[in-house]
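Asks: In terms of our numbering, the sequence shown opens at residue 3 and continues consecutively. Where a beta carbon is used, it is the ideal one built from N, C-alpha and C, also for glycine.
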Amino acid sequence: MSPCLRVSEPLCAKLSRKREELRTQRLRDTEARSFAARDDLGTSDDVQHSPHGCYACAARRIDDTGDPDDCRSARVFYGATDGADPRRNHAPVCPRCGRDGPATAAGPGFRPILWHRGHIGAYEAYWILHRSKGDTTTSAEFQRIFDPINTPRDDARNLPPLDEIDAYLADVRRQSVSWLSEPGGAADTATFDLVLEHELQHQETMLYLLHLLDPSRKRRPDGLVDRERPDLAATNGRVRVPAGSFEIGASGPGFGYDNERPAHRVEVRSFGIDRTLVTNAQFMGFVDSGGYTTPEYWTDKGWAWLESENIEHPHSWLPGRRWRVRGLFEDREMDPSEPVWGVSWYEADAYARWAGRRLPTEIEWEFAARGTGSRVYPWGSAEPKPNLGNFDDPTGGPTPVGGYPDGVSPFGLLDMTGNVWEWTSTEFAGYPGFRADPYPEYSELWFDGDHRVARGGSWATRSPILRTSFRNFFRRAFRIGFIGFRLAD
Ligand code: AVJ
Ligand code: FE
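(1) Have a look at L234 and D408 and give me their C-alpha separation to the nearest angstrom.
(2) Quick one: does the C-beta of P150 sit closer than 7 Å to a heavy atom of the ligand FE?
(3) Is the stretch 379 to 392 close to the stretch 355 to 368, with three or more CB pairs under 8 Å?
(4) Using the beta-carbon count (16 or more within 10 Å), is N152 buried or exposed?
(5) So, for A490: in the same chain, excluding its five sequence neighbours on each side, which residues have a beta-carbon less than 7 Å away from its beta-carbon?
(6) Could you please give the first and the last residue of the uninterrupted alpha helix (DSSP H) stretch that includes S180?
(7) Within a Cβ cutoff of 7 Å, which residues of the same chain sit near P434, ignoring the five residues on either side of it in sequence?
(8) Below 7 Å, is the gap between the Cβ of H200 and the nearest heavy atom of the ligand FE?
(9) Count the C-beta pairs between the stretch 292 to 302 and the stretch 456 to 470 that are closer than 8 Å, then say yes if the count reaches three, no if not.
(10) Tell whether a beta-carbon distance below 8 Å holds between V179 and G486.
(11) With respect to 7 Å, is the separation between the Cβ of T519 and the closest non-hydrogen atom of the ligand AVJ below this value?
(12) Determine the DSSP secondary structure at R477, reduced to helix, strand or coil.
(13) CB-CB under 6 Å to K135, same chain, minus the five flanking residues each way: which ones, in chain order?
(14) Taking C-alpha atoms, which residue in G329, L447, A142, S427 lies nearest to E368?
(15) May I ask you to check if the CB of H204 is nearer than 7 Å to at least one heavy atom of the ligand AVJ?
(16) Would DSSP call P493 helix, strand or coil?
(17) Closest to E311 by C-alpha separation, out of E349, H132, A124, would be which residue?
(18) Can the beta-carbon of A158 be found less than 8 Å from the beta-carbon of W117?
(19) With DSSP as the reference, label P185 as helix, strand or coil.
(20) Residues in the same chain with beta-carbon distance under 6 Å from T32, minus the five sequence neighbours each way, listed in chain order, please.
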């Protein structure tokens, strides 16, 4: 039985109280929304007066009942994981971008941030209202505009205005929360979890896109400061992981995507793997010794890609008299002890060859992260907390490698959850016995020979979706993500 079903009785009672409150609050929401529409974009007031503000209030009131409930999707839908607005990471994203930022694509081939914002609402409407509840009355027009597969990328240039998208998001969320409070909805935890995962994944994508924008087009919100630098547990060093066997994949009661299932036992040969991620300083050794001009380090495909795209350094580096890096809001000096990121799989693979090493397979990576037991995270199964890794942080960026000793893996590896995602050598494919569920467009469509698996999570990944079995996947040429790598042999 899923954890949600166990608490469905008290949860239901609580949720129907909540529904009543939301109903009486609707008038106030409408007022708040027209206020937000009149208000200039780009003021921090937008955050407070956005329709999402009321979710935060609702969440706080739930918290005040002091009733622990362990239904993850209910908690996050109400924002009750930490008492904050569940959409806080992207509610402020658009105001940060200034007037035209959110509607402007960061470059060719990228959709504007605003599209992602509408897409999470359209996805929620489809899965929760259409599929779970059986209500097909929500906007067909929005379903079309925000369809990522059937609607061409270039169509994402002509979008409804921000306040219309926000009103849609708020309306869909209100209806979803109402369905969650009915027995049929509360029992369908799989769908709520799916929608939750999806939204949080897109929150990270929106940060990739925000990061790409030139600093003149965005502004650090008042009061947001960078996260503290962690104490360092290790500077470098390689560990030898002994041969063994473990169960890879998602086997616990929590949510896991189809691509994490079925969990199955795998044998692993002994291998070496670094305790820490490859740093900017180390990667500079590759750049300075002709890494980007020596075909021998590259696969044929990688070299062809480099030549056609004129790639000369990581995407996150800004050339000049000295290397600088782009931060989320400001450009700054490069910190040599931070992990290199903004590299495609081709670049990670070429660096490994230059270094006489290789990328770990995803099996090796997961074994090194969780060991032989059934832990959900490298540190065990306790929920993520800020001392355990660099994640959940919309304002910061990567931290020097080798920090967060409390989050160390059973084999002594650091930053296995958070900081930056880690490329593995493994081609994205289904585990033996894979079954597409609930929809083939999530995973199966990308079993195409080009995608590679990235593991671990980044500083921008929201903690409710962190887990060691999570498999992220990107095309080999993808390099705008917060993705780095560590070496094995
Ligand atoms: C697995 C992160 C590559 O963002 O395209 C979002 C996740 N799938 N909506 C993506 C996803 C559908 C996906 N990644
Ligand atoms: Fe999506």
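Replies: Walking through what the data contain:
(1) 11 Å
(2) yes
(3) no
(4) exposed
(5) F273, G274, I275, R359, R360, L361, P362, E366
(6) From DSSP, the alpha helix (DSSP H) with S180 extends over 164 to 182.
(7) If we look at P434 and ignore the five residues flanking it on each side, its Cβ neighbours are H266.
(8) Taken from the Cβ of H200, at least one heavy atom of the ligand FE lies inside 7 Å.
(9) no
(10) no
(11) Lying before the first or after the last residue shown, residue 519 is absent from the chain, which here runs from 3 to 491.
(12) strand
(13) W181
(14) S427
(15) yes
(16) Because residue 493 is not part of the residues shown, which for the chain are 3 to 491, the question remains open.
(17) E349
(18) yes
(19) DSSP places P185 within a helical segment (H, G or I) once states are collapsed to three.
(20) Residue placement at T32 cannot be trusted, given a pLDDT of 34 that sits under 50; the coordinates are not used to answer.
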